[in-house]
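**Student:**
Residue numbers (the numbering used here): 53 to 232.
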């Protein structure tokens, strides 16, 4: 924890800020991209949201209170940015978030950055029918292999509630896959 506090001080110090932010980018760019991509599904959209996330992190770092880990704080920003992006994109296109998500899933096959197969497409369709919170919990646990404690800090939910959400999500996904 002391090491993280020192790193945050480097991020806040104008003399060491650039070097520290480069380190932050190096450490978080790939995992954050994967996290965001799991939410927005589209490569180009994920890159846009990732860029917005780092801008927000840079702008609001002075407000970071250290009540959670830097990792959790940054992931919370990324999650909120991704969800906001999807809601805005749906609104701009005059469609529901669910319709947008289904269209994005249907377009995955054409995405050169998607290396999944039909089973992955079916899994994404199954995930799409889940409530938003269950989607987030499932994706963070299943795809990113985050611990419940980490997800709890990111989403601001109790570990018990997350375990229940994940369990319900798995049951719904199993039912969807079996029925389709």
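In this text, a Cβ means the ideal position worked out from N, Cα and C, and glycines have one as well.
1. Check whether the segment 111–121 and the segment 180–190 are in contact - that is, three or more C-beta pairs closer than 8 Å.
2. Identify whether residue 79 lies in helix, strand or coil by the three-state DSSP scheme.
3. If we ignore side chains and look at the alpha-carbon of each, how far apart do residue 130 and residue 195 end up?
4. Using 8 Å as the Cβ pair cut-off and three pairs as the minimum, do the segment 59–73 and the segment 103–116 touch?
5. Which residues bound the alpha helix (DSSP H) around residue 202?
6. Are there 16 or more other CB atoms within 10 angstroms of the CB of residue 101, so buried, or fewer, so exposed?
7. Taking 8 Å as the cut-off, decide whether the C-beta atoms of residue 140 and residue 160 are in contact.
8. Measure the CB-CB distance between residue 135 and residue 152 and report whether it falls below 8 Å.
9. Kindly indicate which three-state DSSP category residue 217 falls into: helix, strand or coil?
10. Quick one: what does DSSP say residue 165 is sitting in, helix, strand or coil?
11. Between residue 229 and the rest of its own chain, which residues show a CB-CB distance below 7 Å, the 5 nearest in sequence each way excluded?
12. Got a sec: does the ligand COA put a non-hydrogen atom nearer than 7 Å to the Cβ of residue 117?
13. Residue 107 by DSSP, collapsed to three states: which one?
**Tutor:** Reading from the atomic positions:
1. The segment 111–121 is not in contact with the segment 180–190.
2. As a first step, residue 79 is located in the chain shown; it is residue number 27 there, counting from the start. Helix, per DSSP.
3. In the chain shown, the residue the question calls residue 130 occupies position 78. In the chain shown, the residue the question calls residue 195 occupies position 143. Rounded to whole angstroms, residue 130 to residue 195 spans 16 Å at the Cα level.
4. With the cut-off at 8 Å, the segment 59–73 and the segment 103–116 touch.
5. Walking along the chain shown from the start, residue 202 turns up at place 150. In the DSSP assignment, residue 202 falls within the alpha helix (DSSP H) that extends over 200–207.
6. As a first step, residue 101 must be located in the chain shown, where it is residue number 49. Under this definition residue 101 is a buried residue.
7. Here residue 140 refers to the residue found at position 88 when the chain shown is read from its first residue. Here residue 160 refers to the residue found at position 108 when the chain shown is read from its first residue. Between residue 140 and residue 160, the CB-CB gap reaches or exceeds 8 Å.
8. Taking the chain shown and counting its residues from 1, one reaches residue 135 at position 83. Taking the chain shown and counting its residues from 1, one reaches residue 152 at position 100. Taking 8 Å as the cut-off, the Cβ atoms of residue 135 and residue 152 do not count as close.
9. Translated into the one-based positions of the chain shown, residue 217 becomes position 165. DSSP places residue 217 in helix when its eight states are reduced to three.
10. Residue 165 sits at position 113 when you count from the first residue of the chain shown. In this structure, residue 165 counts as coil in the three-state DSSP scheme.
11. Stepping through the chain shown from its first residue, residue 229 is reached at position 177. Counting only Cβ-Cβ distances below 7 Å, and skipping sequence neighbours, we find 174 and 178.
12. As far as ligands go, the structure on display features none, and thus does not contain the ligand COA.
13. Along the chain shown, read from residue 1 onward, the residue named residue 107 stands at position 55. Residue 107: helix per DSSP, three-state reduction.
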